[in-house]
Each structure stands twice: as C-alpha cells, then as structure tokens.
Amino acid sequence: MSRNDAKRPDPDSLLALTRGEASGRLKVFVGAAPGVGKTYAMLLGARRLKTEGVDVVVGFVETHGRTVTQALVDGLEVLPRRQAEHRGRAIEEFDLDAALARRPKLIVVDELAHTNSPDSRHPKRWQDVEELLAIGVDVWTALNIQHLESLADVVSRITGVVVRETVPDIVLQQADDVVLVDITPDELLQRLHEGKVYVPETARRATENFFTLGNLTALRELALRRTANRVDDQMGAYLKQKAIQGPWGASERLLACIGPGEDAERVLRRASQLATGLNANWIALTISPPGLDAEPAEASRLASVFALAERLGGEPLQAHAFDFAAEILRIAHRENVTQIVVGESRAGLLRRLRGRSLPHALLSCAGGVEIHIVPSGEGRARRRFAPSFALKGLSLQFVVAAASVAAAVGIGEALTALLLLPNLSIIFLSAVLFCAVQFGTRAAIMASFLSFLAYNFFFIEPIYTFTVAQPYELFALFVFLAVSALTGSLAGRIRDQRERVLKAAAATQSLYEFSRKLSGASREEDVLWAAAAHLHATFGGRIMLLVADGDALALRAAWPPDAQLDEAAEAAARWALQRREAAGAATGTLPKVAFQFRPLVSAGGVLAVCGFELKAEIPAIAPEDERALTAVLDQTAIALDRARLAGEAVKSAALAENEKVRNVLLDSLSHDLRTPLAIIAGAASALGALGEQISSAERRQLIQSIEEEAARLGRFVANLLEMSRIEAGGLKVGRDWVDLVDVVQGAVERSRKAFPGASLKVSLAPQLPQVRGDAGLLEQVLFNLIDNANKYAGDSAVAIHARQEDDMVVLSVTDEGPGIKAADLERVFEKFYRGGRTDGRKPGAGLGLSICRGLVEAMGGSIVAQSPAVRRRGTRIVVRLPIDGAAQIERRA
Amino acid sequence: MRPQRVLVVDDEPQIQKLLKIALTAAGYETLLAGTAAEALKAIASSAPDIVILDLGLPDRDGKDVLRDMRAFSRTPVVVLSARDREAEKIEALDLGADDYVEKPFGVGELIARLRVALRHAAPHAPAPQRIVLDGLLIDLDKRLVSRDGAAIRLTPKEYDLLAVFAVNTGRVLTHRHILAAVWGPGHVEDIQYLRVLMGQLRAKIERDPTAPKILRTETGVGYRSAETSEGESPREQ
Chain W
4 MSRNDAKRPD PDSLLALTRG EASGRLKVFV GAAPGVGKTY AMLLGARRLK TEGVDVVVGF
64 VETHGRTVTQ ALVDGLEVLP RRQAEHRGRA IEEFDLDAAL ARRPKLIVVD ELAHTNSPDS
124 RHPKRWQDVE ELLAIGVDVW TALNIQHLES LADVVSRITG VVVRETVPDI VLQQADDVVL
184 VDITPDELLQ RLHEGKVYVP ETARRATENF FTLGNLTALR ELALRRTANR VDDQMGAYLK
244 QKAIQGPWGA SERLLACIGP GEDAERVLRR ASQLATGLNA NWIALTISPP GLDAEPAEAS
304 RLASVFALAE RLGGEPLQAH AFDFAAEILR IAHRENVTQI VVGESRAGLL RRLRGRSLPH
364 ALLSCAGGVE IHIVPSGEGR ARRRFAPSFA LKGLSLQFVV AAASVAAAVG IGEALTALLL
424 LPNLSIIFLS AVLFCAVQFG TRAAIMASFL SFLAYNFFFI EPIYTFTVAQ PYELFALFVF
484 LAVSALTGSL AGRIRDQRER VLKAAAATQS LYEFSRKLSG ASREEDVLWA AAAHLHATFG
544 GRIMLLVADG DALALRAAWP PDAQLDEAAE AAARWALQRR EAAGAATGTL PKVAFQFRPL
604 VSAGGVLAVC GFELKAEIPA IAPEDERALT AVLDQTAIAL DRARLAGEAV KSAALAENEK
664 VRNVLLDSLS HDLRTPLAII AGAASALGAL GEQISSAERR QLIQSIEEEA ARLGRFVANL
724 LEMSRIEAGG LKVGRDWVDL VDVVQGAVER SRKAFPGASL KVSLAPQLPQ VRGDAGLLEQ
784 VLFNLIDNAN KYAGDSAVAI HARQEDDMVV LSVTDEGPGI KAADLERVFE KFYRGGRTDG
844 RKPGAGLGLS ICRGLVEAMG GSIVAQSPAV RRRGTRIVVR LPIDGAAQIE RRA
Chain H
508 MRPQRVLVVD DEPQIQKLLK IALTAAGYET LLAGTAAEAL KAIASSAPDI VILDLGLPDR
568 DGKDVLRDMR AFSRTPVVVL SARDREAEKI EALDLGADDY VEKPFGVGEL IARLRVALRH
628 AAPHAPAPQR IVLDGLLIDL DKRLVSRDGA AIRLTPKEYD LLAVFAVNTG RVLTHRHILA
688 AVWGPGHVED IQYLRVLMGQ LRAKIERDPT APKILRTETG VGYRSAETSE GESPREQ
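Protein sequence lines correspond, in order, to chains W and H.
Our numbering runs 3 ahead of the 1-based position in the first sequence.
Our numbering runs 507 ahead of the 1-based position in the second sequence.
Okay, here's the thing in structure tokens:
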C-alpha cells in the first residue's frame, strides 16, 4: 500500500462531515437528573449570543415559575406556544410550524425527550428538533441522561422508575456539541430540599424514590461516561476526517498478531490478560501473503485460533500483505491501537539472517505504539511423529520412481530393438510426468534423477557405463535432466495443489456442515448429539460427551449410542474436567485408557468433556486431525454455551410464569373464601353495631344474606375437602347398582333449592339401564355440573339429558352461555382453572369440574367438554358411564 | 348540613346491599357502582365525598380506577379488598388511596376509617394545635409533649416523627411516606432508620412499649396512630 493511500481520509467520514455542514448544528445540554441546571446553562448561553447579535429565539422553555430562570428568559424573543388538548386537559406545546416560519439562526427548545400531544405532527420532540436542523436552524436543547434509549433499562434497574420518554442514542451521537451540566449529588439533594428543583405535585411520590444519593451518583456516572464516550467518538471522527495518523491515547486498544504456529494461543492469552487489565478492547490479527491460500491444516489451525480469540473477547481480523510489519503498523494506526502483542519470532531463516524478524521490524518503526513480545514456549513435542511419517512417504515415492524408470528402460530397450529410435529421452520424460501426476513433486524429481542415470547407463555409448563418449551427448543428457526436473516438478506441483484444494474443500465442507447442524440445534441435548455424530463421522472410533454439572460428570451423548464409561475412563474424564487439559490415551495422564478426553472450554468455564477412542497403534493424533478436532470442539463448546444460556432464559421465564399463576390462584382463592365471609361478618357487625337504626325489613335482608353466604361458603369448603380427598386417594367409591333417574332427580331438587332463580330442563330417555357406581358421588357430580352451568348460563335454561349409547349411559348438562374456546376445552378440568377473568367475577375456585372428573374416572367413566353446544353458543359437559362398570372399578382398586 | 355521600364500588351485590343498609343506618347517603367504568363515571358526575373501592372489579383492576380518578379528583378513597398481600396495599396507598380495610371487615371499623379519611380531607378544617392520643398531649404550637402534666423530653427527630403522626391521626402511613417526611426524599428506602427511631419514641411515649397503643404497626405497610380523643363524628357536623 502506498504512502498516499495510507493517509487518504476515510470517504465515509467526509460524507458525514458534509451532511453536518448542510444542516443546523445541534447542541445538547446533558444532565444526570432534573434540577442540575441545564435550562439555566442553556439560557445563559443564549443570552450571551443575543448580546453578540445572534438571532436567538426561545422555542419552548418551562421555567416552572422559578424567578431566576424566568429572569433569563425575559428579554429574549419567545415563540408563543400552541394550545393543545390531551385527555380533556388543556396543555401547551412547542409550536413547530411557528418556529419553521420564524426560522431564526438559533432556537432553544427545552426537554428533548418530551412526548408531544397526540395532535402534534411528530410523536416526539426530538423529531421536531430534527426538522428544525434539516432547514439549517441551530438548536440548543436539554436532555436528562435517563431518557437515552439505550440507558432506559439500566436506569429503571438502578432507580426503579420506568422511563417512558426516550430519545434514540443516534440523536446524541449526531449532535455537534454536547455540554455536560454537572453538579454533585449532594448539591442536587441540597437544592431539592431547598425547593429549588421543580417537582410536579402529582409526581411527588415517584420523585421521592428517585432522588436518592445512590441513584443520583449512578446517574451522574452514566452521564459522565456517555459524554466521555461521545467525545471519544468525536475524536475518532476528527482523526479520520483530517487523516491524522493515530494513535490517540484516550483509551487503550490492543492488537495481537498471531500466526498459525504453536505460539498463537500464548499470544492470544497474553493479549487477553493485558486487555482485561487495561479494560481495553483488542483485535486478533493474522496476516498471510496475498494470493497464496493457506495449507488446509494451517487453515483449520487458524480457524481454531480465531475461535479461541473470540472466546477470549478479541475481535478477529484477517489481512494479506507481503510486508507483514508495515501492514501490522498500518492496521494499528487505522484502528487506533496503542499496544501490539506479538510472538517471539515467526521470521524465516532468510529474514533472520538479515536481522529482520517481525518483532524487530515492528520495533524499528512502531512510533507511539508499545510492543509486547511473548517468548515462544516449547510445544515442539507434537512434531516428533511427522518425520517418521515423511520418511515412510519418501521411501514409497522412491520405489514408485524407480519402478517407473525401470519400466521406461524396458520400453526403451524394446523400442531400440524394434525401431532404432535415435533419442529415447521422450520415454523417460513420460515416466517422470507419470510420477509427477500420480505421486507428486518429490517422486517426479527422484524419477528425473533416476532417468538421468538410467538413460546414461543403458542407452548412451558406451553402454552399461556411466561415462559419456560424445560431448554433445553429455550436453543433451544435462538438458534432459533440467527439462525433466522442471516439467516433473511443475506437473507435480499442480497435482499437489489439486490435492490440497480437495482436502481443504472437504475439511471446510465438513466444518460447515457441522456448524449448520449446530446452529439448528437449540437444546443442549441436540448440540451434544450433533457433535457426537459429527466427531464419529470425521474421526471414526467411539465418541462420548460428558456434561459437567458442578463437579459431577454425566454421560449425555455417545456414538455409537451404547458406548459405556468404565472406571478408568471416568477418572481420565474427571481429570480433563478438573485440570482443563487432555487426559487418557496418547497423553501423559492415564494413557492406558482407550479414550482420550478433552475439556470443552468456553467463557463460562468447562462445560463438558469429550472423549474419543484412539486406535491402539496410533501413538498420537495427526496434526491435521488435531487441528480439525480443536475447531470442532471449540464450536461445540460455543454452541453448548449458547444452548445453556437459552435454556436458562426459558427456565427463568417459566419461573416467572409460575409465580404469576401462584399469585392469580391466591387472589382467586382469597376472593372466593373472603367474599362470603366478608358479607357474613359485615352483615353481622352491622346488625350488632347499628341494629336499632336499621329497619326490620332490612334486618331480615341482612340475616338472609348471612344464611345464603354461609351456604355458599359451605359448598366451597366441601369442594375443597372433596378435592383433597380425591388427591390423597382416600376416596371410597361405592359399587352398587344405581338408577340414574333417582340421581338426576336428587341433584335437580338440590339445585332448585340452592339456586332458586335457575331454570332447569330435564329430559331422560325411557328405560335407562342402571349403572354401577356410587349414587351419592354421582349426585355430587351432577350438582356440580348444574352449579357450573348455572354460573355461565345467564338467564337461559340449563338442560339435563340422559340416554343410552351402546354399552354406555350418556349424561349431559348443557348451558347457553358464551361457551368455551376450543383451546380451553381440556383445561377446564384442571384444578383452579376458571373461565373468564381471574379475580373479577363468577364465584368458584375452579374446583367443580376437576372434582367431577376425579369422581367420574373413579367410577370408570369419562367426562369431556364440548363447545359450542347449541346455536353456536353454550357448553355441553358430557359424562359417559359404563353400564357394567364393575370391572373398571376393580381394576382401579 | 346534608348527609355525606359515599360511593361504594364493589361488584358483589350482597356486599353492595349490606353496605347500603349499614351506611344509610350510620347517616350517610349511598351511591353504588359495580364496575370500574361506572365508578369513574359516578366520581366525575355525582361528586361523592368519599369512595369505598374494591380492588377486584370485573372490567379493570381497582388500582386503575384509583390512578385514573387521581388525575381529576382528590376525593378520599378507602380501599376495601380481599387481597392481603402487603405489596398490593402499599401500591394502592402510593397511588393515592387514603386507607384500606381488609375483607372480611367489621362495619364499625369501616365507618371509623371513613370518618378519619373524611376529616383529613375536609378543606377548611382548622388543623388542631393540641392533640391528645391515649392520654398523651402533643402541643404542635409549643412543640411540647406531655402525659398527665409531666413533660416528656424528645430529641428533635423523635418529635418530628411524632408530629407526622399527630397531624395524621388515625390514618395509615406507609414507611416511605414517613421516611420522606422525617428524613427527606433521599432516604425513603432506609426503613431500618425508622425502626430504630420508632423503638426509641415508643419507649418514651407509650404506657407499655411492648403493646403500643398510640403508634400501632401495620405489618409490612407502615404505622397508624391512635384516633384522637377530640375527633368528631360525621353525624354531629
């Protein structure tokens, strides 16, 4: 990147600036709370400008009758207010149209967070202000920090006062000037006591909660910090506009430079520690030369490094450049970085010889940036196995090269015998190309050397010696060597690259599939199963996932699903959990165990342990696999963390819901118990205290109330007792032959007595068979159903009907009330469910139907609700009783 | 003088009937409302002198009625409710209710509370300067407290606390209300201050501080002072 380029201002910043110049300037006076003196400061400034000849108008200022403030307004031009009406009260509003017509240079509009009356053009005053700014009028306004949208939550948490009037943060961010009007909380409280802070009479109780030393201190902190942040942003914008190279040291920002090597994690952790200490944010940067794709193993390693960086709170960033040091510093300046963390040395041999390792290069042109160099650790142990693998490959390639050259010799001999070919180099070249395409560069180069020797030995005079007679043949031979080596290595490189690309594509594909699977899994269980299946598919062998719950470990997912954890394996898993390091096979801890266990670490700690089986002959996990594995485990950990948080959110929501249900239940119970009691107690006490002053007719009424309510209370208590008896299982169900006609008659008579106003229609099919059951309980069921129907029926009649259907007797009670929603048809049988409002009306604790269900089922029958029942209205409760219910009863008993 | 008018807001017809009989017998005129909407309409149009309000109404919560009516009316409100959670009581009182009576209730107690609320709401009743509570004489003019002629020495804070009760005789006062009045709005959460000072004050003024009669505790809500011995009943007005 050229120097000019580096110093070019950011185009977006310039655009923002031109926008700023076109419109009016907004100046916001920010305060921590009402009463800090925002209006006062604003008016004072306005007066000063007025004396300087600026066209200043007061658009809307509420002086609350304070003489000092009023005195400041006097002498300034004040716009008349618009008369509006809200909820029947006359109120005065800021007149936007008058302000637009007047179009002063500067207008003062107090209370930016104000909500306009419904007949206004904009719902909020800040929108009025934006309109003024748009036509080029400068606006001064005042804002209490609690009204800032993003702080509303925080403020209501701190103060317990719900903030309803809010201003979007962007308004404050885009303000040209922000003035913090600040006094200490003690002073403010003092002013409040002296009555200098205006508090409307209606809001006095609320403000008492609001003006505490703690609240004010917290609000002041918020105001100070918000303003400081804004100043920071402004500084950033200024630097970008003027293309001034950073860093600006107002707040610390770290840059961790990481390569794909072993040191990356150390560098990241160190950077994270530093950043935490400085309370700064940080970037994790990797650089690679442009145009060159990283090797697949390296790429997956990078992915896992980035995953780690994100876990540690860093912001990942990838860049391409030839000159690493220059690029790092360019990024450092662009991002206002103050400290760079870098590993000891990533430089190649050449650079090291020139004394230009990366840390050196950075140090020599760092300017104002601090450089931390993290010494490289050991971490070479894993490499041990690579050479043996490479050697094995090498010998294989040698065999292949030798074989193809031998074949070339054979073909050459045959051809010379048959055709007398003058030059056989083309045959050997074919052998070299074959090796290159099939087995890669190394095989090709070996083949070209072998061809060189074989060609010389077998075909060049004198034959069967390595000597060459003619000088031109020597020349041809060397040309052949050069050409074959070149073409061989080129062809081989193409093949190698293709293979690498295929491998990388496969690895990426597999990781992608996995992350897609994880993103679809919202529950912890799903994440675990997805991870187990994926690990098994990718790495083979058995997989186990154990979830940590405090110090305990539970096997939650395994692939194949029947995998079991033996004692030694459990010990290894426990080790992995407690020490946060790998344990089991191919590690230093409990290596005899067939599984290796790895902790799954996220920001919240060790969430789980993953165990995977290693085949006995593999002494360690191959580096490529290692990296892929780490990437998968990291992703799993993050997904688990997410699932767990989501689960907790659901749980706490359920808890809150439970609490609500409990309160509703208590309210309804206390209402139903207390209403009759209240009437009884009230009537009795009225008779006692005022007996002589009450007429005898009214006295009779009171006594009648007492009787009625006592009966109501009695029914309610009976229901409660019945319910607890059913719940406790102490219910005795008789098994006599029962004539339903008797039962219905009994229940109807009882109902007529209890609800004198109700109209009941009974229709029974002739010759109803008898059922087996308990006549008393059946009558109770029917009575409850009639009671219930009567509550919801209104003035209409309640119909009771019974008939035979196959081997059942069907008994139904129908009302023509409003009916039940389809979704609630089953819920009406739940305990404490009540139709309609919870507290409002219709007495009953929601026990009647649930008692009916308990009793009917105890007799071997069933009970359901149907709605609508008649002419799209009403509810029908249908009870089915078996004609021979004896068998069912015995089974229950 | 016309009888004072009581608006009864309760959806239970039996309660309405009972209160109508009892209040009429006690010399009040009674208006009835069964829903929140009816209640607000009655408050706006019939100008009752006091409202008895049930919190569980079929159309809206009684607290909503309280909130809405406070926007236009200062008529005293006595809440009559079956809900007994303290938070509900405090909320109702903070919303501007003057007192509450729990269901089930005694008619005598309800009428006494009505009387207290009406007296404090009376617009030009001269505030008494000498108040007698259970034999304790508080002279607000001279800032003197005595029992049976013997002066009782109070610290300034103790006197401030007692004075708050003296001008609100018979009324329930929430912790927050008292804290704001004695310590200022910055201390409305500091209930422990109040507990300590209450203990000291009771030890000086109560005949038996373990069974306080002048300053009684309303559990979870606040305190209530005894009725003044110079109180007037509405029928004498």
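Don't be surprised by glycine CBs; every beta carbon is placed ideally from N, CA and C.
The beta strand (DSSP E) that contains Val-59 of chain W, what's its start and end? If you number the first sequence from 1, residue 59 of chain W lands on position 56. Residues 59-63.
Taking DSSP's pairing of strands, which residues face Lys-127 of chain W in a bridge? Within the first sequence, the letter at position 124 stands for residue 127 of chain W. According to DSSP, Lys-127 of chain W bridges with W:Thr-118.
Beta carbon proximity, Gly-706 of chain H to chain B, threshold 9 Å: The displayed structure is made up of protein chains W and H, and chain B is not among them.
Starting from the C-beta of Asp-666 of chain H, find all residues in its chain whose C-beta is less than 8 Å away, skip the five residues before and the five after it, and write them out in chain order. Looking up residue 666 of chain H in the second sequence gives position 159. A small correction: the amino acid at residue 666 of chain H is Tyr; Asp does not occupy that position in the sequence shown. Closer than 8 Å at Cβ, skipping near neighbours: Arg-650 and Val-652.
Relative to the C-alpha of Pro-2 of chain W, which candidate in W:Asp-818, W:Glu-860, W:Ala-681 and W:Leu-288 has its C-alpha closest? Only positions 4 to 896 of chain W appear in this structure, which leaves residue 2 of chain W out of reach.
Under 9 Å between C-beta atoms of Val-859 of chain W and Val-784 of chain W: Mapped onto the first sequence, residue 859 of chain W falls at position 856. Mapped onto the first sequence, residue 784 of chain W falls at position 781. It is a contact, given that the beta carbons lie within the stated cut-off.
Residue from W:Ala-575, W:Leu-603, W:Val-612 and W:Gly-591 with nearest C-alpha to Met-547 of chain W: In the first sequence, residue 547 of chain W corresponds to position 544, counting from 1. Among W:Ala-575, W:Leu-603, W:Val-612 and W:Gly-591, the Cα nearest to that of Met-547 of chain W is on W:Val-612.
Residue-level contact to chain H via CB, Gly-899 of chain W, 9 Å cutoff: Shown here, chain W extends from 4 to 896; a query on residue 899 of chain W therefore has no answer.
Other residues of its chain near Leu-365 of chain W: CB distance less than 6 Å, five sequence neighbours each side excluded: Locating residue 365 of chain W in the first sequence gives position 362, counting from the first residue. Only Ala-328 and Ile-374 meet the Cβ criterion.
Going by CA-CA distance only, name the one from W:Asp-554, W:Gly-62 and W:Arg-806 that's closest to Pro-772 of chain W. Along the first sequence, read from residue 1 onward, the residue named residue 772 of chain W stands at position 769. The option with the nearest alpha carbon to Pro-772 of chain W is W:Arg-806.
State the beta-bridge partners of Leu-332 of chain W as determined by DSSP. Here residue 332 of chain W is taken as the residue at index 329 of the first sequence, counted from 1. DSSP lists no partner for Leu-332 of chain W.
Using a Cβ-Cβ cut-off of 6 Å (strictly less than) and excluding sequence neighbours within five positions of Ser-391 of chain W, which residues of its own chain qualify? Within the first sequence, numbered from 1, the residue matching residue 391 of chain W stands at position 388. In this predicted model, Ser-391 of chain W has a pLDDT of only 41, less than 50, meaning its place in the structure is not dependable; the value taken from the coordinates is given anyway. Counting only Cβ-Cβ distances below 6 Å, and skipping sequence neighbours, we find nothing.
What residues in the stretch 559-582 of chain W have a beta carbon less than 9 Å from any beta carbon of chain H? none
Among W:Phe-542, W:Asp-565 and W:Arg-583, which has the Cα closest to the Cα of Arg-630 of chain W? Here residue 630 of chain W corresponds to residue number 627 of the first sequence, with the count starting at 1. Comparing Cα-Cα distances from Arg-630 of chain W to each of W:Phe-542, W:Asp-565 and W:Arg-583, the minimum goes to W:Phe-542.
Can you tell which of W:Ile-161, W:Asp-141 and W:Pro-821 has its C-alpha closest to the C-alpha of Thr-220 of chain W? Along the first sequence, read from residue 1 onward, the residue named residue 220 of chain W stands at position 217. It is W:Ile-161 whose Cα lies nearest to the Cα of Thr-220 of chain W.
In the DSSP assignment, the beta strand (DSSP E) including Leu-643 of chain H goes from what residue to what residue? Mapped onto the second sequence, residue 643 of chain H falls at position 136. Note, Leu-643 of chain H: beta strand (DSSP E), 643-646.
Evaluate Arg-256 of chain W with the Cβ neighbour count: other Cβ atoms within 10 Å of its Cβ, from every protein chain shown; 16 or more gives buried, anything less gives exposed. As a working mapping, residue 256 of chain W is identified with position 253 in the first sequence. Its Cβ being crowded by 16 or more others within 10 Å, Arg-256 of chain W is buried.
Close beta carbons around Arg-723 of chain H, own chain, < 8 Å, minus the five adjacent residues each side: The residue labelled residue 723 of chain H in the question sits at position 216 within the second sequence. These residues qualify, in order along the chain: Tyr-730, Arg-731, Ser-732 and Ala-733.
Name the two residues that bound the continuous beta strand (DSSP E) containing Thr-724 of chain H. Your numbering for residue 724 of chain H matches position 217 in the second sequence. Note, Thr-724 of chain H: beta strand (DSSP E), 722-725.
What are the uninterrupted segments assigned as alpha helix (DSSP H) that are 4 or more residues long and contained completely in the stretch 761-829 of chain W, given in chain order? 778-796
Taking the alpha-carbon of Ser-580 of chain H as reference, which of H:Ala-554, H:Gln-699 and H:Pro-635 has the nearest alpha-carbon? Locating residue 580 of chain H in the second sequence gives position 73, counting from the first residue. Ranking the options by Cα distance to Ser-580 of chain H, first place goes to H:Ala-554.
Run through DSSP, which three-state label would Ser-605 of chain W get? Indexing the first sequence from 1 puts residue 605 of chain W at position 602. Looking at Ser-605 of chain W - three-state DSSP - the assignment turns out to be strand.
With DSSP as the reference, label Val-164 of chain W as helix, strand or coil. Counting from one through the first sequence, the residue named residue 164 of chain W turns up at place 161. If DSSP states are grouped into helix, strand and coil, Val-164 of chain W belongs with coil.
Let's test the definition: count the other Cβ atoms within 10 Å of the Cβ of Arg-740 of chain W and tell me whether it reaches 16, buried, or not, exposed. For the purposes of this step, residue 740 of chain W is taken as residue 737 along the first sequence, with counting starting at 1. The sequence shown places Trp at residue 740 of chain W, not Arg. By the neighbour-count rule (16 or more Cβ atoms within 10 Å), Trp-740 of chain W is not buried but exposed.
Against His-674 of chain W, what residues of chain H qualify as contacts under a CB-to-CB distance less than 7 Å, listed in chain order? Position 671 of the first sequence holds residue 674 of chain W. Chain H residues near His-674 of chain W: Gly-563 and Ala-589.
In this structure, does DSSP put Met-705 of chain H in helix, strand or coil? Counting from 1 along the second sequence, the entry for residue 705 of chain H is found at position 198. It is helical.
Would you mind giving the Cβ-Cβ distance between Asp-518 of chain H and Asp-561 of chain H, rounded to the nearest angstrom? I have them listed as a contact below 8 Å. Taking the second sequence and counting its residues from 1, the one referred to as residue 518 of chain H is at position 11. Taking the second sequence and counting its residues from 1, the one referred to as residue 561 of chain H is at position 54. Right, the Cβ-Cβ distance comes to about 7 Å (below 8 Å), so this counts as a contact.
How long is the line joining the alpha carbons of Leu-716 of chain W and Arg-753 of chain W, rounded to whole angstroms? In the first sequence, counting from the first residue as 1, residue 716 of chain W sits at position 713. In the first sequence, counting from the first residue as 1, residue 753 of chain W sits at position 750. In a straight line, the C-alpha of Leu-716 of chain W is about 16 Å away from that of Arg-753 of chain W.
Rounded straight-line distance, which links the Cα of Ile-706 of chain W to that of Pro-611 of chain H: By one-based count along the second sequence, residue 611 of chain H stands at place 104. By one-based count along the first sequence, residue 706 of chain W stands at place 703. So the two alpha carbons sit approximately 17 Å from each other.
Is any beta-carbon of chain W found at less than 9 Å from that of Glu-598 of chain H? Along the second sequence, read from residue 1 onward, the residue named residue 598 of chain H stands at position 91. False, the Cβ-Cβ gap to chain W never drops below 9 Å.
Could you check whether Ala-585 of chain W and Ala-306 of chain W sit closer than 9 Å to each other, using their CB atoms as the reference points? Stepping through the first sequence from its first residue, residue 306 of chain W is reached at position 303. Stepping through the first sequence from its first residue, residue 585 of chain W is reached at position 582. Taking 9 Å as the Cβ cut-off, Ala-306 of chain W and Ala-585 of chain W do not qualify as a contacting pair.
For the stretch 668-714 of chain H, which segments carrying the beta strand (DSSP E) assignment without a break, of at least 3 residues, lie completely within its bounds, in sequence order? 679-681
Based on the DSSP output, what are the partners of Thr-180 of chain W in its beta bridges? Taking the first sequence and counting its residues from 1, one reaches residue 180 of chain W at position 177. The amino acid at residue 180 of chain W is misidentified as Thr; the sequence shows Asp. Beta-bridge pairing links Asp-180 of chain W to W:Lys-30.
Assigned exposure category for Ser-360 of chain W - 16 Cβ within 10 Å defines buried: Taking the first residue of the first sequence as 1, we reach residue 360 of chain W at position 357. By the neighbour-count rule (16 or more Cβ atoms within 10 Å), Ser-360 of chain W is buried.
Which residues in chain W have a C-beta closer than 8 Å to the C-beta of Leu-525 of chain H? List them in chain order. Position 18 of the second sequence holds residue 525 of chain H. By Cβ distance, chain W contributes Ile-682, Gly-685, Ala-686, Ala-689, Leu-705 and Ser-708.
Helix, strand or coil: which one does DSSP assign to Arg-85 of chain W? The residue given as residue 85 of chain W occupies position 82 in the first sequence. Strand.
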